[in-house]
Amino acid sequence: MRHHRGGGGGRRGRPGPTVERRSPLGRRRSVEASSAVPPRRRRGRWWRRIGLGLVAVIVVLTIVAYLPAGSLTAAVPAARTGVSDGALSWLRTDHGRIVDASGRTVLLRGFNVDALVAYPKDPPAPLDEADATLMQRAGFDVVRLGIDWSRLEPVRGHFDQSYLDRVASTVAMLNRHNLYVVLDMHFRLGWSPRFGYSGAPGWATIAAPNWNPLPQYSWSPSLIPAAIASDMYFWLSPDWKADFYRAWHVVAARFASDPGVAGYDIFNEAHPLPIPPRIFEKSYLWPMFKDAIEAIGAVDPNHLFFVQGILLLTLNTVVVHFNAPNVVYGTHLYEGSLIPPFWTGDPTFLRQRFQQRVKEASEVPAPLWIGELGYDLTQKGALSYADAALDEADDLGIGWAWWQWRENRYWGIVDATGQIVNTEALRHLARPYLVAAPSGIRAERGDGVRGKLRINVSVSHADQPVMLSWSALTLPPPVASGTCLSGSHWDATTARLTLQLEPRVSCQLTIRTS
Numbered sequence: 021m022r023h024h025r026g027g028g029g030g031r032r033g034r035p036g037p038t039v040e041r042r043s044p045l046g047r048r049r050s051v052e053a054s055s056a057v058p059p060r061r062r063r064g065r066w067w068r069r070i071g072l073g074l075v076a077v078i079v080v081l082t083i084v085a086y087l088p089a090g091s092l093t094a095a096v097p098a099a100r101t102g103v104s105d106g107a108l109s110w111l112r113t114d115h116g117r118i119v120d121a122s123g124r125t126v127l128l129r130g131f132n133v134d135a136l137v138a139y140p141k142d143p144p145a146p147l148d149e150a151d152a153t154l155m156q157r158a159g160f161d162v163v164r165l166g167i168d169w170s171r172l173e174p175v176r177g178h179f180d181q182s183y184l185d186r187v188a189s190t191v192a193m194l195n196r197h198n199l200y201v202v203l204d205m206h207f208r209l210g211w212s213p214r215f216g217y218s219g220a221p222g223w224a225t226i227a228a229p230n231w232n233p234l235p236q237y238s239w240s241p242s243l244i245p246a247a248i249a250s251d252m253y254f255w256l257s258p259d260w261k262a263d264f265y266r267a268w269h270v271v272a273a274r275f276a277s278d279p280g281v282a283g284y285d286i287f288n289e290a291h292p293l294p295i296p297p298r299i300f301e302k303s304y305l306w307p308m309f310k311d312a313i314e315a316i317g318a319v320d321p322n323h324l325f326f327v328q329g330i331l332l333l334t335l336n337t338v339v340v341h342f343n344a345p346n347v348v349y350g351t352h353l354y355e356g357s358l359i360p361p362f363w364t365g366d367p368t369f370l371r372q373r374f375q376q377r378v379k380e381a382s383e384v385p386a387p388l389w390i391g392e393l394g395y396d397l398t399q400k401g402a403l404s405y406a407d408a409a410l411d412e413a414d415d416l417g418i419g420w421a422w423w424q425w426r427e428n429r430y431w432g433i434v435d436a437t438g439q440i441v442n443t444e445a446l447r448h449l450a451r452p453y454l455v456a457a458p459s460g461i462r463a464e465r466g467d468g469v470r471g472k473l474r475i476n477v478s479v480s481h482a483d484q485p486v487m488l489s490w491s492a493l494t495l496p497p498p499v500a501s502g503t504c505l506s507g508s509h510w511d512a513t514t515a516r517l518t519l520q521l522e523p524r525v526s527c528q529l530t531i532r533t534s
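Residue numbers for the sequence shown follow this note's numbering, beginning at 21 and rising by one.
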């Protein structure tokens, strides 16, 4: 079909396409027709654009989240420890172990204590000399002692020396009973005592609605808008973090020369949401650990630095390769007790969660220590859970701190009044273990109910004394036997059995009740 000759477009002698000429009135009617799209259709277009934008954001965040975690280095001067003149040796890390000054592997096992933190709605139970005596006689060697930034620095830039004196007095009391102390800057869900739990001072909070939608639940302060806003501001801005580092600097300056302080647990159970967890850990949590360790190390390079990942259901934490001396991976483990799937008696899942913690510690790399684990002791299965968890710890040769020593009949070994001791639970927790073991010495699972421990001694073992924990509170005195044993000494006051071994002789030692 040929085109009729019309306006423009073709070369000379060839017809071009026909172009319709429209009057201004026709053009106006066309515009009016296009603008007459139903409002519902226009809204649909906007929602599609928003949806595409969200998809793009999610894709970008996913890419960022799964980029390699990289590596961080904290600059810390060399330690200046010298020789301890007390019963407690300086501690350090060495090839994935916590060791004492003579190089023996040390297992830190004991309890959490929150007597010095601020819970405005439910004040914590106190701690006294009787508690320290009971823990010592049961054979334990560490207390993870919660301290509170809100009490340490109630006014910005001004530190409460009387509170620091209370901390020092508690540390000294525990040290008198041969208990190391891990100082734990204790945050709980809700960010600050202003919102119900321990953590940041009132001046480090955002003026947003202080409304708790589900006050009947213990974790509900994490839903308070002001708590969420304050928590996010801390992580996203350098403002309050600088104050936080100064607070740790003040604490470390006080205890720099004290070998009875095992180390500093920098931040308890950091909460990532609403920041995506993987991004939070790589971009905020681990950089915070680096800066805090440098602030502490500037005045105290002598102690252990405890770091931990997030605790968000069974989500595996992202670990950043971390170069710093004396770092310990002090993670928490509540799967099966607070975190589903709940305990059924099958240890398979619990073993998997321990192995995941082992993997994370190896990625730091650092010794593994379980800074919190526990179970409601009034619940059926509590003691079988404790047995299974501590079996895993024995198999791995790691320490732990049970939550907690003195609270109430649900979670505490001792009730808040200090009058009732759950001796049945204590028998399961106070199992025999190696407090300080030279190289070439390895213990099997301890049995605190029947009173038994086997220790394997290699022919190449170091010629140093072996220190063993044996509960004088719940067990009869121990008797040691084995062909490589040259001598032993039992001290019921300290709940310590010290073994001397024949050099260059291997055997299996058996320690049982007399």
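Think of the CB as a built atom: it goes at the ideal place given N, C-alpha and C, for glycine as much as any other residue.
Fair warning: this is a prediction, and the values are worked out from it, not measured in the lab.
Residues bridged to residue i (per DSSP)
| i | result |
| --- | --- |
| H352 | E392 |
| M252 | Paired residues: none, contrary to the question. |
| A457 | T125 |
| M205 | I167 |
| T334 | Paired residues: none, contrary to the question. |
| G283 | V202 and L324 |
| H509 | T518 |
Residue i versus residue j - alpha carbon distance
| i | j | result |
| --- | --- | --- |
| Y405 | R371 | 11 Å |
| P497 | A152 | 20 Å |
| L332 | E427 | 24 Å |
| R465 | Y237 | 37 Å |
| L519 | M155 | 22 Å |
| P235 | P292 | 21 Å |
| D366 | D483 | 40 Å |
| L454 | A227 | 51 Å |
| L108 | H341 | 31 Å |
| R129 | P387 | 14 Å |
Proximity below 9 Å, CB of residue i to CB of residue j
| i | j | result |
| --- | --- | --- |
| P345 | G116 | no |
| I244 | G222 | no |
| E380 | R164 | no |
| H352 | I390 | yes |
| N198 | R451 | no |
| G438 | P146 | yes |
| Q202 | A456 | The amino acid at residue 202 is misidentified as Gln; the sequence shows Val. It is not a contact, given that the beta carbons lie outside the stated cut-off. |
| A318 | P97 | yes |
| I531 | L488 | yes |
| Y354 | L397 | no |
| V271 | L184 | yes |
| L558 | S491 | Because the chain spans 21 through 534 in this model, residue 558 falls outside it and cannot be assessed. |
| G394 | W423 | yes |
| V191 | G419 | no |
| T513 | N343 | no |
Which of helix, strand or coil DSSP assigns to residue i
| i | result |
| --- | --- |
| V339 | coil |
| P258 | helix |
| I313 | helix |
| S212 | coil |
| G222 | helix |
| D483 | coil |
| D105 | coil |
| E427 | strand |
| I299 | helix |
| L111 | coil |
| L45 | For L45, the predicted model reports a pLDDT of 44, less than 50, meaning its position is unreliable; a value from the coordinates is still stated below. In the structure shown, L45 sits in a helix (DSSP, three-state: H, G or I). |
| A53 | Confidence at A53 is low in this model, with a pLDDT of 47, below 50, so the placement of that residue should be treated as unreliable; the coordinate-derived value is given next. In the structure shown, A53 sits in a helix (DSSP, three-state: H, G or I). |
| R32 | For R32, the pLDDT reaches just 38, beneath the cut-off of 50, and the residue's location in the model is therefore unreliable, although a value from the coordinates is still provided. Correct three-state label for R32: coil. |
| T398 | coil |
| P236 | The displayed chain sequence assigns Gln, not Pro, to residue 236. Three-state result, Q236: coil. |
| L195 | It is worth fixing the name first, because residue 195 is Asn in this sequence and not Leu. Residue state, collapsed to three classes: helix. |
| L495 | coil |
Touching by the beta-carbon criterion (3+ pairs, under 8 Å), the stretch 274-293 and the stretch 313-327: yes
Determine contact between the stretch 305-312 and the stretch 255-267, defined as no fewer than three beta-carbon pairs at a distance below 8 Å. yes
Could you tell me whether the stretch 170-183 touches the stretch 514-529, where touching means 3 or more Cβ pairs closer than 8 Å? no
Between the stretch 241-255 and the stretch 205-212, can you find at least three pairs of beta-carbon atoms closer than 8 Å? yes
Does the stretch 172-188 come close enough to the stretch 248-259 that 3 or more CB-CB pairs lie under 8 Å? no
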